[in-house]
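A.B. asks: Before we start, here is the structure in question, set down as structure tokens.
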Amino acid sequence: MPLREARREDIRRIVEMLADDEVARGREDFSGDMAAYDAAFDAIASDPNNTLYVWDHQGAVMGCLQLTFIPGMSYHGSWIAKVEGVRVDRSLRGLGIGEQMMDAVIAKSRARGCKQLQLTTDKRRTDAQRFYVRLGLDASHEGMKINLL
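Right, dumping it as structure tokens:
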């Protein structure tokens, strides 16, 4: 399967895809020191409840996402899957890669015994919202965030 765990050499490419987004533009910087990204990768890789995945398309990283398993008290002490940072390279959007990535992590979440999968998407990402609804996700909650920087 083209979805595989990310490797250290994938970090720059992942950050490039995260930055190639109208909403996130300017939030990421891969032009200089990558130490913070390296540290984040190490933290994710060392946590058994976190995995950074990439979509390998003909030997090139063309998609990414992070899957986190969260233990919870709700739903009778069930595990919850959380998906973050879903991106597909602009040149390959519309080819079903995002759907295949999401199908794969939904299957991994079910296999892990999760009772729910959740993700957030910026309200300005209307195409992404339509995509997730088409996959069966329900916009049942209002997400709230605070910037701590």
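Numbers 7 to 155, taken from our numbering, label the letters of the sequence shown in order.
A virtual CB, placed ideally from N, CA and C, is assigned to each residue, including glycine.
Following the continuous alpha helix (DSSP H) through Q135, name the residue where it begins and the one where it ends.
C.D. replies: First-last of the alpha helix (DSSP H) with Q135: T132 to R140.
A.B. asks: According to DSSP, is M40 helix, strand or coil?
C.D. replies: Residue state, collapsed to three classes: coil.
A.B. asks: Hey, is the stretch 36-47 in contact with the stretch 62-78, meaning 3+ C-beta pairs nearer than 8 Å?
C.D. replies: With a cut-off of 8 Å, the stretch 62-78 and the stretch 36-47 do not count as touching, because too few Cβ pairs lie within range.
A.B. asks: Is it buried or exposed, Y59, if we count other Cβ atoms within 10 angstroms and call 16 or more buried?
C.D. replies: Classification for Y59: buried.
A.B. asks: Could you have a look at Q64 and say whether DSSP puts it in helix, strand or coil?
C.D. replies: Coil at Q64, not helix or strand.
A.B. asks: Output the distance between the C-alpha atoms of V139 and I112, rounded to the nearest integer angstrom.
C.D. replies: About 14 Å.
A.B. asks: Can you tell me whether A25 is helix, strand or coil according to DSSP?
C.D. replies: Helix.
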